[in-house]
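Following: one structure in C-alpha cells, then a few remarks.
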Amino acid sequence: MQASRTASRRIASRVAAAAAVAGAAVLTLSAPAFAHVTVQPEGSAAKGGYAVVDFKVPNERDDASTTKLEVSLPTDHPIASVMPEPIPGWTVKVTKSKLDKPLTMHGEKIDEAVSMVTWTADGKGVQPGYFQKFPLSVGALPEDADQLVFKAIQTYSDKEVVRWIEVQRKGQDEPQNPAPVLELTASTDGHHGSAAAKDASDKTEDTAAADSGSDDGSDTTARVLGVVGIVVGLAGVGYGVVAGRRRTTV
46 MQASRTASRR
56 IASRVAAAAA
66 VAGAAVLTLS
76 APAFAHVTVQ
86 PEGSAAKGGY
96 AVVDFKVPNE
106 RDDASTTKLE
116 VSLPTDHPIA
126 SVMPEPIPGW
136 TVKVTKSKLD
146 KPLTMHGEKI
156 DEAVSMVTWT
166 ADGKGVQPGY
176 FQKFPLSVGA
186 LPEDADQLVF
196 KAIQTYSDKE
206 VVRWIEVQRK
216 GQDEPQNPAP
226 VLELTASTDG
236 HHGSAAAKDA
246 SDKTEDTAAA
256 DSGSDDGSDT
266 TARVLGVVGI
276 VVGLAGVGYG
286 VVAGRRRTTV
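Number 199 in this note's numbering belongs to position 154 of the sequence shown; there are no gaps in the numbering.
This is the structure we're talking about:
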C-alpha cells in the first residue's frame, strides 16, 4: 500500500514538473509576440479611403528606452497623403521621395509621396515597462491590395537597433522580427473621403434628424391638444343638455 502511494506521488510530481516546463515554454514562445511593433487602424482602413493608423511600440528592454522609430511606407502602393499627429516629447520628420509612376489624386497628378516617417525622442522616450502609439493619417489607401506592409526600425538608448522588416510568408511560421501589417477592409461609398468629412456629414444628418424629430413632436403635441379640446367641448355640451332636462323636469 505504501509503495503504491509513493509511486502515485512520484507520478504526480513528474506531471507537475512537466506542466511547469510546458508553461515556461509557452511563455517563452509567446513573449516576443507582445514585443512586436504593430500597426492598427482607429476604426477601419477601407480600400480607397482615408484612415488614422497607430504604430504601437512596446519597450522590451529592462535597461534601455526606445528613443527612435523609423517607419518605411510601401513603395509598391504609395500613399499620397500622410500626416503625423504631434506627440509631446517627440520630434517627427516626414521624408518624401519621387515616384516612378505618378499618382492622380483629386484630379491632380502627384509625382512624389511620403516614403518614411521618423520619430525621435526629445527626452527619455519609451521607458521600460511602457509602450507608445505613433498615429498617422493616411490616404487614399490602395483599392488593389488587401494589406500594406510597413517596415519599422526601433532604436534604443543604448544604441541597440531592432529591425522589424521581415515579411510574413503564406504557409510559413511567423518570423522573429515581423514587419507591421495593416489589413484593409472592403471599400464602400461611405469610406471615400476623410474622417473629418464623414464626421461633419454625420453631424449634419444628426441635426436634420433632431430638427425632424422636433417638428414631429410639435405636430403630435398640437394634435393631442386638439383632440383633448374636442373631448372637453363635447363633454361640456353633454353636461349642458343634461342640466337643461333636469330643470325642465323640475
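Cβ atoms here follow ideal geometry from the backbone N, Cα and C, with glycine treated the same way.
Helix, strand or coil for Tyr95? Go by DSSP, reduced to three states. coil
Counterpart residues of Ile198 in DSSP-defined beta bridges: Glu115 and Arg208
Looking only at C-alpha atoms, which of Lys204, Val206, Gln217 and Leu193 sits nearest to Val226? Leu193
So if DSSP puts Leu229 in a beta bridge, which residue, or which two residues, is it bridged to? DSSP lists no partner for Leu229.
According to DSSP, Gly184 sits in a beta bridge with which residue or residues? Ser126
For Ser182 and Gly92, believed in contact at Cβ under 8 Å, the rounded distance: The displayed chain sequence assigns Lys, not Gly, to residue 92. Not confirmed; about 17 Å, so no contact.
Quick one: using the 10 Å Cβ neighbour count with 16 as the cut-off for buried, is Glu219 buried or exposed? exposed
Taking the alpha-carbon positions, what's the Gln217 to Glu211 distance? 12 Å
For a test of the three-state rule: what should DSSP assign to Lys312, helix, strand or coil? Lying outside 46 to 295, the shown extent of the chain, residue 312 is not represented and no answer is given.
Can you tell me whether Thr140 is buried or exposed? The criterion is at least 16 other CB atoms within 10 Å of its CB, across all chains shown. exposed
Please work out which residues of its chain come closer than 8 Å, Cβ to Cβ, to Val84, disregarding the five sequence neighbours upstream and downstream, and give them in chain order. Val98, Asp99, Phe100, Lys101, Phe195, Pro225, Val226 and Leu227
Could you say which of Gly170, Gly152 and Leu144 lies nearest to Ala158 if we only look at CA atoms? Leu144
Count the other C-beta atoms from every protein chain shown that fall within 10 angstroms of the C-beta of Pro129, then say buried if there are 16 or more, exposed otherwise. buried
Cut-off 6 Å between Cβ atoms - residues of its own chain near Val137, not counting five sequence neighbours on either side: Pro129 and Trp164
Quick one: give me the first and last residue of the beta strand (DSSP E) that Thr83 is part of. Thr83 to Pro86
Would you mind working out which of Ser202, Thr230 and Ala197 sits nearest Pro223, comparing C-alpha positions? Ala197
Would you identify the three-state DSSP class for Ser110, choosing helix, strand or coil? coil
Could you tell me which residues DSSP pairs with Lys146 in its beta bridges? Lys146 pairs with nothing; no bridge assigned.
Note down, in chain order, each residue of its chain lying with its Cβ closer than 8 Å to the Cβ of Ser110, except the 5 sequence neighbours on either side. Asn104, Ala166, Lys169, Gly170, Val171, Gln172, Pro173, Tyr201 and Ser202
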